[in-house]
Amino acid sequence: MLERTPLFILDASVAVKWFVPEPLRKKALSVRTDYLENRIDLLAPGLIRYEIGNALRFHPGSSPKELTDAVKTIADMQIDRAELAPETVTVASEIAFQEGITFYDAVYIALAERNTAVMITDDLALFRKASKKRNLLQLLKDYKSPRRDSALEPVAGVDRGRRAFRREKLDRY
16 MLERTPLFIL DASVAVKWFV PEPLRKKALS VRTDYLENRI DLLAPGLIRY
66 EIGNALRFHP GSSPKELTDA VKTIADMQID RAELAPETVT VASEIAFQEG
116 ITFYDAVYIA LAERNTAVMI TDDLALFRKA SKKRNLLQLL KDYKSPRRDS
166 ALEPVAGVDR GRRAFRREKL DRY
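The opening position of the sequence shown corresponds to residue 16 in my numbering, with each subsequent residue numbered one higher.
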């Protein structure tokens, strides 16, 4: 029997580390590598590019070109992006109020809940606050790469051709 490729909801706090030196960067890069090598699937809300851009805007030493390149690279990677469906808005609103977190953060958790996935984050404050939903969150420091196994079944609806992404674009980061 084939195993399903693990699906993770990608938090911007992890993706930002792909582009700038920060603690746990190697762990973040292993998430990226696992995605590019089809070991995991990633899903993120459409707002992730805005969050990455904003984080890079205020990162010390970042330049307009680096910000632009990073946001374009995220788009080129073709990570599945979920736009806000009415049901997700409802779930995210409830989570935001129950957990005392931002609506932005609640959207990521709602996506995890609605897609039977785990949100991978490096936001310790969010992890601590989202105590009722903690089973849906995993800290980046605890990420373990799935073993390479040819018996992984892709998540339904995921286009495996998207991984034709040119890895040399990422080599500069």
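All C-beta atoms, glycine included, are put in the ideal place defined by N, C-alpha and C.
Residue i and residue j closer than 8 Å at C-beta
i	j	result
Ala90	Phe34	no
Val31	Leu71	yes
Met134	Ala127	yes
Gly61	Glu98	yes
Phe23	Leu57	yes
Lys42	Lys156	yes
Phe142	Leu152	yes
Distance between residue j and residue i (C-alpha atoms, nearest Å)
i	j	result
Ala107	Lys80	33 Å
Asp138	Ile63	14 Å
Ala132	Lys144	19 Å
Ile94	Ala59	7 Å
Ser160	Asp49	7 Å
Asp55	Val46	Asp is not the amino acid found at residue 55; the sequence shown has Ile there. Near 8 Å, if we compare the C-alpha coordinates of Val46 and Ile55.
Ile116	Glu52	33 Å
Ile110	Ser146	11 Å
Residue i: first and last residue of the uninterrupted alpha helix (DSSP H) it sits in
i	result
Thr136	Thr136 -> not in any alpha helix (DSSP H); beta strand (DSSP E) instead, spanning Val133 to Thr136.
Gly115	Where Gly115 is concerned, there is no enclosing alpha helix (DSSP H), given that its DSSP letter is neither H nor E.
Val86	Pro79 to Asp91
Three-state secondary structure (DSSP) of residue i
i	result
Gln153	strand
Arg19	strand
Ala145	coil
Asp26	coil
Ala100	coil
Gly68	helix
Residue i burial status per 10 Å Cβ neighbour count (16 or more: buried)
i	result
Thr20	buried
Ala100	exposed
Thr105	exposed
The beta strand (DSSP E) enclosing residue i, as first and last residue numbers
i	result
Arg96	Asp95 to Ala97
Leu39	Leu39 -> no beta strand (DSSP E), and no H or E assigned at all.
Leu58	Asp56 to Pro60
Any non-hydrogen atom of the ligand PLP closer than 7 Å to residue i Cβ
i	result
Arg64	Annotation note on the ligand PLP: not contained in the displayed structure, which lists no ligands.
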